[in-house]
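> In my numbering, the protein residues as written are 17 to 405. Don't be surprised by glycine CBs; every beta carbon is placed ideally from N, CA and C.
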């Protein structure tokens, strides 16, 4: 807003527009009958100038506040459009930030690795290059051990148990620890196609012993590497982006990933055998750098947290919908084996060594409480005997 600065010499002419005209030669009648001349009038007008200037500044301030620049937030994920995390960013987080702030937040949403991918998203958030990012429960381990508990095999017995704990006390505890231990403000912890299963190109696998001689691609987490080796396979750390080609060329024979990823990435073309072992639960963490979050105005933080809570509340339902859609595409393209109860106990036996291998990366008391809430007393006993709890 432009404010005219009025020179004292001009002020008398403007004031005359407000009141009735008075002839300068007659002066101004004051209380008690005294007459004020031109000099007295000018003195009074000069005295009013600070008041007028202050009023002008107040008006300008109101106009500036109403026209203030929006808070710009860049939200980026490396996840492809075939995975619900990308949908959350493009179709929900971005639009809702704008809607709930009445346009005061201007979101810039980037998916599919256009700005960052996995651990790079955390690095860029810390550098201030993005504001909101996502990272898997495995790759966030490069920055601290807060979420390592989510990678422990069979920490969750099923999706219902995972949802109850993640949207309840365990999720809240992990968010608090993430702020203290990692300097991250977590908006939501969501599933990414649920549990991992054993996939391979060689043959049907029913029990761990059937994995002998088969090379399985694993992430660079010690817990997954130990689990595959304990089951009898050969664990080979291998880049995710090269996995399809690696299966084609037999550099690796299989992998340990959720079924929906097999469909979404068309791995069924080169690895047609799936064994429903479960074990590892696949999580995605949606976060902000804590310092950046704290720099936001109160109203903006409230909007960000509101969106995060809504994502987490609906995360499991949306994941289940997408998972059903993509796993349906596997019909007639893969051979799926579901272990019997006795066979599944053999798969569970691989958990204690994997837990023990990473014992110093998770809070045993937290893990014990999570297992107790699910009634997993048998697994607790095995972990105790192995020295993992």
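1. Just to confirm my understanding: we take residue 354, look at its own chain, exclude 5 residues before and 5 after, and list those with CB closer than 6 angstroms. What are they?
2. For residue 169 versus residue 370, is the C-beta spacing smaller than 7 angstroms?
3. Give me the Cα-Cα distance between residue 218 and residue 231, rounded to the nearest whole angstrom.
4. Run the CB neighbour count on residue 107, radius 10 Å, all protein chains shown included, and call it buried at 16 or more, exposed below.
5. Is residue 159 near residue 297, with beta carbons less than 7 angstroms apart?
6. For residue 323 and residue 109, I'd like the C-alpha separation in whole angstroms.
7. Taking only the alpha-carbon atoms, compute the straight-line gap between residue 257 and residue 233 and give it to the nearest angstrom.
8. Using DSSP bridges, identify the partner residues of residue 305.
9. DSSP beta-bridge partners for residue 126?
10. Compare the beta carbon distance of residue 91 and residue 125 with 7 angstroms and say whether it is the shorter of the two.
11. Whole angstroms is fine: what's the gap from residue 153's alpha carbon to residue 164's?
12. Between residue 271 and residue 287, which are expected to be in contact by the criterion C-beta below 8 angstroms, what is the C-beta distance as a whole number of angstroms?
13. If the criterion is Cβ atoms closer than 7 angstroms, does the pair residue 214 and residue 299 meet it?
14. Alpha carbon to alpha carbon, how far is residue 259 from residue 235?
15. Rounded C-beta distance between residue 405 and residue 380? I'm assuming under 8 angstroms.
16. Pop quiz: residue 239 and residue 254 are said to be a contact at Cβ under 8 angstroms. What is the actual Cβ separation, rounded to whole angstroms?
17. In three-state DSSP terms, what is residue 215?
18. Whole beta strand (DSSP E) runs in the region 301-367 with 3 or more residues, listed along the chain?
19. Can you tell me whether DSSP reads residue 386 as helix, strand or coil?
20. Which residue or residues does DSSP assign as beta-bridge partners of residue 250?
21. Taking C-alpha atoms, which residue in 226, 220 and 265 lies nearest to residue 362?
22. Return the CA-CA distance between residue 115 and residue 222, expressed in angstroms with no decimal places.
23. Looking at the secondary structure, which residues open and close the beta strand (DSSP E) in which residue 151 lies?
24. Of the choices 198, 85, 100 and 181, whose alpha-carbon is the least far from that of residue 303?
25. Is it buried or exposed for residue 274, if we count other Cβ within 10 angstroms and need 16 for buried?
Considering the structure as presented:
1. 292
2. yes
3. 10 angstroms
4. exposed
5. no
6. 6 angstroms
7. 12 angstroms
8. 200
9. 92
10. yes
11. 7 angstroms
12. 7 angstroms
13. no
14. 11 angstroms
15. 5 angstroms
16. About 17 angstroms separates the two Cβ atoms, so there is no contact after all.
17. strand
18. 351-353
19. helix
20. 231
21. 226
22. 50 angstroms
23. 148-152
24. 198
25. buried
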